[in-house]
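Written out below as structure tokens is the structure these notes cover.
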Amino acid sequence: MRETVLMKGPVETRVIVTTATGTEVRDGEDEILETYPDDRHETVLARLLAQGWEVEEDGP
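Note that the numbering used here has the sequence shown beginning at 27, numbered continuously upward.
Below you can see the structure in the form of structure tokens.
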């Protein structure tokens, strides 16, 4: 499993979670915003960084 937490401003949060079953993007309240059946962690991370999000935490 890999989890990356991104922040935009003081309150906006996105969390990218990738497991053996795929990748999910969640908001700060744990609601699923996007879901993919495969590993798209790097693709989603690159897109969010390009939109101005900043990595707060990144780990396994």
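Don't be surprised by glycine CBs; every beta carbon is placed ideally from N, CA and C.
- Under DSSP, the beta-bridge partners assigned to residue 52 are 41, 58.
- Nearest neighbour of residue 47 by Cα position, chosen from 53, 66, 83, 81, turns out to be 66.
- In this structure, residue 82 places its C-beta atom within 7 Å of the C-beta atom of residue 31.
- In the displayed model, residue 47 falls within coil according to three-state DSSP, outside both helix and strand.
- DSSP places residue 73 in the helix class (H, G or I) of the three-state scheme.
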